[in-house]
Each structure stands twice: as structure tokens, then as C-alpha cells.
Amino acid sequence: MKFESNRRGKFMTLDELKASAFVVGLKETERAIDRGEAGHVFIALDCDDRISLPLRNVCAKAGISVTDDFTKKEIGRACGIKVKAASAAVLASR
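Going by my numbering, the final residue of the sequence shown carries number 208, and the count climbs one at a time with no gaps.
As C-alpha cells, then:
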């Protein structure tokens with residue numbers, strides 16, 4: 115499956131992530147996608163392919179845009195946690 119660059123699709127900044135309702139971490143991101151609550155997903159650019167590729171596939175199938183320009187450290191910091199985060203999901207407004 116080919117993934118489009120986020121530069122051609124919807125792109126979000128870390129400031130937009132901070133200002134939104136979100137979940138952080140791989141399991142919480144996957145749960146938000148499964149529940150149909152995720153509106154946009156951040157995947158760390160330094161995340162292992164064994165983690166990022168399945169998550170990208172799920173996002174593509176669900177039609178969820180992905181931003182992958184930030185490191186795990188940057189995503190974790192933006193989410194207000196003291197550890198690195200492989201992913202985060204911005205929750206869709208209802």
C-alpha cells in the first residue's frame with residue numbers, strides 16, 4: 115500500500131495537537147481509531163516500521179490523515195508527558 119505524503123494531504127502542527135482533545139500512545143491511538151473517534155493521527159518519524167506500518171494501514175483504511183514529521187520526543191512533549199510517544203490521535207469533534 116502506498117502512503118501519500120502528508121504535504122499533499124492534511125497536515126497538522128504540534129501546536130494544533132496541543133490545542134486539541136487527543137489521546138497519546140500506540141494502544142490509545144488504535145482504540146480511538148477503532149471507536150471512530152480519531153480525526154487525525156501523528157506517527158513519530160523515528161518509530162520502527164513494525165509499529166508504524168500497521169498503524170498507517172489502519173489509518174488508510176479508515177480514511178484518517180497522518181502527520182509523520184515529528185520525533186517521538188517531540189510528540190511526547192507536545193502531549194505534556196515526560197516520555198517519548200510513538201503516536202497520538204487528535205479526536206474528531208462531534
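Even for Gly, the Cβ is constructed at its ideal location relative to N, Cα and C. Quantities reported herein were computed from a predicted structural model and do not represent experimental measurements.
Any non-hydrogen atom of the ligand FAD within 7 Å of ASP129 CB: As presented, the structure is devoid of all ligands, the ligand FAD included, so that no description of it is given.
Runs of alpha helix (DSSP H) lying entirely within the region 137-174, each at least 4 residues, in chain order: You should have 140-148.
Residue burial classification, ARG164 (beta-carbon count within 10 angstroms, cutoff 16): By 1-based counting over the sequence shown, the position of residue 164 is 50. With fewer than 16 Cβ atoms within 10 Å of its Cβ, ARG164 is classed as exposed.
Close Cβ partners of LEU131 (< 8 Å) along its chain, the five nearest in sequence each way excluded: Here the question's residue 131 lines up with position 17 in the sequence shown. Hits under 8 Å: PHE156, ILE189, ALA192, CYS193, ALA202, VAL204.
Best match in LYS187, VAL137, LEU159 for proximity to GLY150 [C-alpha to C-alpha]: Position 36 of the sequence shown, counted from the first residue, corresponds to residue 150. Here the closest residue by C-alpha is VAL137.
Residues bridged to VAL204 [DSSP beta-bridge criterion]: Walking along the sequence shown from the start, residue 204 turns up at place 90. Note: VAL204 sits in a beta bridge opposite PHE136, HIS154.
Inter-residue CB distance, ALA152 and ALA146 (contact presumed, cutoff 8 Å): Position 38 of the sequence shown, counting from 1, holds the residue named residue 152. Position 32 of the sequence shown, counting from 1, holds the residue named residue 146. Yes, they are in contact, since the Cβ atoms of ALA152 and ALA146 sit about 4 Å apart, within 8 Å.
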